[in-house]
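Heads up: the sequence shown at position 249 corresponds to 244 in my numbering, and the numbers run straight through without jumps.
Note that beta-carbon positions come from the ideal geometry of N, C-alpha and C, so glycine has one too.
Please read all numbers here as calculations on a predicted model, not as lab measurements.
In what follows, a single structure is set out as structure tokens and then discussed.
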Amino acid sequence: MTTSQAPVLRRHAEQQFAHELDELQRQDRRPRLENWRLSPWAVLRYLMGGTLENGFEISPKYIGNERLMEIAVATLATDRALLLYGVPGTAKSWVSEHLAAAVSGDSTLLIQGTAGTGEEQLRYGWNYAQLLANGPSEQALVASPLMKAMRAGKIARVEELTRIPADVQDSLITVLSEKTLPVPELGSEVQAVRGFSVIATANNRDKGVNELSAALKRRFNTVVLPVPASEAEEVAIVMKRVTEMGEALQLPAEPPALKEVRRVVQIFRELRNGKTEDGKTQVKSPSGTLSTAEAISVINSGMALAGHFGDGVLSPRDMAAGLLGAVVKDPVQDQVVWTEYLETVVKERADWKDLYRACREQV
-4 MTTSQAPVLR
6 RHAEQQFAHE
16 LDELQRQDRR
26 PRLENWRLSP
36 WAVLRYLMGG
46 TLENGFEISP
56 KYIGNERLME
66 IAVATLATDR
76 ALLLYGVPGT
86 AKSWVSEHLA
96 AAVSGDSTLL
106 IQGTAGTGEE
116 QLRYGWNYAQ
126 LLANGPSEQA
136 LVASPLMKAM
146 RAGKIARVEE
156 LTRIPADVQD
166 SLITVLSEKT
176 LPVPELGSEV
186 QAVRGFSVIA
196 TANNRDKGVN
206 ELSAALKRRF
216 NTVVLPVPAS
226 EAEEVAIVMK
236 RVTEMGEALQ
246 LPAEPPALKE
256 VRRVVQIFRE
266 LRNGKTEDGK
276 TQVKSPSGTL
286 STAEAISVIN
296 SGMALAGHFG
306 DGVLSPRDMA
316 AGLLGAVVKD
326 PVQDQVVWTE
336 YLETVVKERA
346 DWKDLYRACR
356 EQV
């Protein structure tokens, strides 16, 4: 079996939801911008889900404030770049990928920001064998995802922008303001084709690490993605993603009971907020973020345990190990926080005794 034929672990958004994008494209009668696969209205419907006029169901990709997605889509319809900002685990990368898939039909023009990201990864590099043999030429130039997006009129994605060194970040300024990428070695430039834009993500835990310059900030319209506003909203997100990932990973376990998902979400929300849901008891917060993405991971890990080493039904014992790993990042400080939460909150809930016993076994 060749690599191209082998089933991939995770398909790109435009592949996984190709049937929805195709149906939206067929039903979309609203004006489209140049090089946009869908109209802004259809992009929003793809993100938020809904029923089309012909009865076709579009699944929601983002469960939250629709106005935020309207602002994000409207930003891409202008000459402004979009910065998705928020705490870790608030679906910034997820929204970025689906926006690019819906607008350009291609979410793969991606630059992953790290402390080691260099200017050539944002702008362009060189094939040094050809460079040494023939000097600077178009054939020797290696286009970055950003340059490819400019030439094709597509969306370029920059993940974790604030982890990129500040001087490298600022190489984006000319691209975002002039829509031009100079190539002085060739005495030429690449001018962005209509439809080009940049979606960057950053989390506020990195604030101050590589702070964006004022000039770069002005080139972005910032949309802050919040943690889910309510427990019900967060439970819905977790249930949806766990079901999707369980199918993709072919986990041999039944979908989790709503009761178990609610308990994990409630634990995360209480530890995150520093108080119980009823507001009656103050609790200490651990050092980690306890994001929605981590809650999904806890449930998926529990399903793997239940499917491979249990009876296929997610139990408190299956969840306990994942909860411990998610909460206790610092083995000293967080262990105290977790033990105190178990004794003062979990133990006192009559219908949580099974979860309390399972978690105590892990401590």
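7 angstroms Cβ shell around residue i - same chain, five flanking residues per side excluded
i           : result
residue 180 : 131
residue 205 : 157, 158, 159, 160, 161, 164
Top-ranked residue by Cα proximity to residue i, from the options
i           : options            : result
residue 117 : 128, 295, 143      : 143
residue 321 : 340, 290, 168      : 290
residue 184 : 135, 263, 175, 38  : 175
residue 404 : 260, 166, 97       : Here the chain has residues from -4 to 358 only, and residue 404 is not among them.
residue 308 : 294, 14, 319       : 294
residue 153 : 62, 123, 95        : 95
residue 314 : 353, 83, 102       : 353
residue 339 : 286, 275, 357, 326 : 275
residue 228 : 28, 6, 58          : 58
residue 62  : 187, 93, 343, 39   : 39
heavy atom of the ligand ADP below 8 angstroms from residue i C-beta
i          : result
residue 85 : Absence of the ligand ADP from the depicted structure is noted, as is the absence of any ligand whatsoever, leaving it without description.
Inter-residue spacing [alpha-carbon to alpha-carbon] between residue i and residue j
i           : j           : result
residue 257 : residue 85  : 18 angstroms
residue 292 : residue 133 : 45 angstroms
residue 349 : residue 242 : 28 angstroms
residue 317 : residue 136 : 47 angstroms
residue 102 : residue 91  : 8 angstroms
residue 193 : residue 254 : 40 angstroms
residue 171 : residue 210 : 10 angstroms
residue 244 : residue 98  : 28 angstroms
residue 281 : residue 200 : 14 angstroms
residue 233 : residue 288 : 8 angstroms
residue 23  : residue 48  : 10 angstroms
residue 238 : residue 305 : 19 angstroms
residue 14  : residue 208 : 41 angstroms
residue 351 : residue 197 : 36 angstroms
Close beta carbons around residue i, own chain, < 8 angstroms, minus the five adjacent residues each side
i           : result
residue 226 : 257, 260, 261, 264, 272
residue 173 : none
Cut-off 6 angstroms between Cβ atoms - residues of its own chain near residue i, not counting five sequence neighbours on either side
i           : result
residue 138 : 119
residue 44  : 53, 54, 55
residue 246 : 298, 299, 302
residue 68  : 35, 38, 39
residue 359 : Here the chain covers residues -4 to 358 and nothing more, so residue 359 does not appear.
In chain order, what are the residue ranges of uninterrupted beta strand (DSSP E) at least 3 long that sit wholly in the segment 141 to 226?
150 to 154, 175 to 178, 183 to 186, 192 to 198, 215 to 219
Cβ pair count under 8 angstroms reaching 3, the segment 286 to 301 against the segment 329 to 345
no
Whether or not the segment 76 to 92 and the segment 211 to 229 are in contact is what I'm after, with contact meaning three or more pairs of Cβ atoms, one per stretch, closer than 8 angstroms; do they touch?
yes
Continuous alpha helix (DSSP H) assignments of at least 4 residues falling wholly in the segment 220 to 287
226 to 244, 253 to 268
Please go through the segment 312 to 356 and give each complete alpha helix (DSSP H) segment of 4 or more residues, from N-terminal end onward.
Complete alpha helix (DSSP H) runs here, min 4: 328 to 336.
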